[in-house]
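Notes to accompany the following structure.
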Amino acid sequence: MIYVITGPTGSGKTKLSIALAKKLNAEIINADAMQIYKGLDIATAKIKEEEKEGIKHHLLDIREKEEDYSVYDYQKDARKCIEEITARGKNIILVGGTGLYIKATLYDYQFQKEEKPLNLTHMSDEELYQKALSIDNNLTIHKNNRRRLERFLTNVENNSLSKNKDQCLYPFLALGLTTSREILYEKIDKRVDIMVEEGLLEEAKAIYDSKIRSKAITTAIGYKELFPYFEGEISLEEALNTIKKNSRHYAKRQYTFFNHQLPITWIETNYDDFEKTIHQALTIVKNQE
3 MIYVITGPTG
13 SGKTKLSIAL
23 AKKLNAEIIN
33 ADAMQIYKGL
43 DIATAKIKEE
53 EKEGIKHHLL
63 DIREKEEDYS
73 VYDYQKDARK
83 CIEEITARGK
93 NIILVGGTGL
103 YIKATLYDYQ
113 FQKEEKPLNL
123 THMSDEELYQ
133 KALSIDNNLT
143 IHKNNRRRLE
153 RFLTNVENNS
163 LSKNKDQCLY
173 PFLALGLTTS
183 REILYEKIDK
193 RVDIMVEEGL
203 LEEAKAIYDS
213 KIRSKAITTA
223 IGYKELFPYF
233 EGEISLEEAL
243 NTIKKNSRHY
253 AKRQYTFFNH
263 QLPITWIETN
273 YDDFEKTIHQ
283 ALTIVKNQE
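The sequence shown begins at 3 in my numbering and counts up one residue at a time.
Quick look at the structure:
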């Protein structure tokens, strides 16, 4: 059985995934697009080795920062993991906030090479932007960049057979962690401060000095926002406020995707007593058996 644990950044997905993996005899597959990459650790809130508590994890640190890695690559890798874990007689927990990766794995997204022209002249810039966001909650294209939005949507159309994308290939239960906007934003802001204490500036500076400006670096929140600070253009406070703002915006995009694209049972995160959150998740799992 596949259990999906998702939700916005800062909602407690990692902690819940470990607790459920121990209870459900499961291995964990990462579904965070940025945690695929080696060296992107602090800003992506990648799980630390001691936090894994002996649970086997897959698809963490499998690519170098300068390498490209697409949803098509992830689909192949994740499905291979599913086959291998299932063959060992274990359950699977797919955990992360990249909705497109999760859906492309679990549903019949078929990629192809045919070139098909796509006429989008009837859509406004805002309509293009909202459609693109509904497809990829990691979208970094500016809403006024019509040319890139059209190219993105054309590539999606050319590379996936939309007639099959709502056909589920695996039995799964999706659990989503949520909380009030006020609490979530507070948690996001606090988490950025903790990242700084853990060495975010040093990690970002090493990337800045490497001059690597790959898709991973320009997409991940927490690195590029610090580059103007390293160049003396803005203060550290301004850079950190931008990271917090971008993280909050990303959380909103995640909610939009999850609510429209996946059948999720939502659980209110109890930050004061997380055992209650775990208990609620296990109750839902038991009732679905």
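Cβ coordinates follow ideal geometry from the N, Cα and C atoms, glycine included.
- Spanning the alpha carbons of Gly234 and Pro265 requires a straight line of approximately 46 Å.
- Per DSSP, the unbroken beta strand (DSSP E) holding Asn93 starts and ends at Asn93 to Val97.
- Taking all protein chains in view, the Cβ of Ile196 is surrounded by fewer than 16 other Cβ atoms within 10 Å, so the residue is classified as exposed.
- In the structure shown, the three-state DSSP call for Asn32 is strand.
- Collapsing the DSSP output to three states places Arg90 in coil.
- In terms of CA proximity to Lys105, Cys170 leads the group Gly224, Thr46 and Cys170.
- When secondary structure is reduced to three states using DSSP, Arg215 falls in the coil class, being assigned neither helix nor strand.
- Lys247 and Gly91 have their C-alpha atoms roughly 43 Å apart.
- For Phe276, the CB contacts under 7 Å within the same chain, skipping 5 residues up- and downstream, are Gly14 and Lys17 in chain order.
- Counting the other Cβ atoms within 10 Å of the Cβ of Gln256 gives 16 or more, which makes it buried.
- Sequence-distant Cβ neighbours of Tyr273 in its own chain, meaning closer than 8 Å and more than five residues away, are Gly14, Thr181, Ile185 and Lys189.
- Where Gly101 is concerned, the enclosing alpha helix (DSSP H) starts and stops at Gly101 to Leu108.
- The continuous stretches of beta strand (DSSP E) do not include Glu55, and DSSP gives it neither H nor E.
- Counting only residues of its own chain and dropping the five nearest sequence neighbours on each side, Ile219 has a CB closer than 7 Å to the CB of Lys67, Ile209, Tyr225 and Lys226.
- Remark: C-beta atoms of Ala206 and Leu228 approach each other more closely than 8 Å.
- With a beta-carbon spacing of about 4 Å, Ile7 and Val97 fall inside the 8 Å limit used to define contacts.
- Closest by C-alpha distance to Ala28, out of Gln77, Val73, Asp63 and Ile95, is Ile95.
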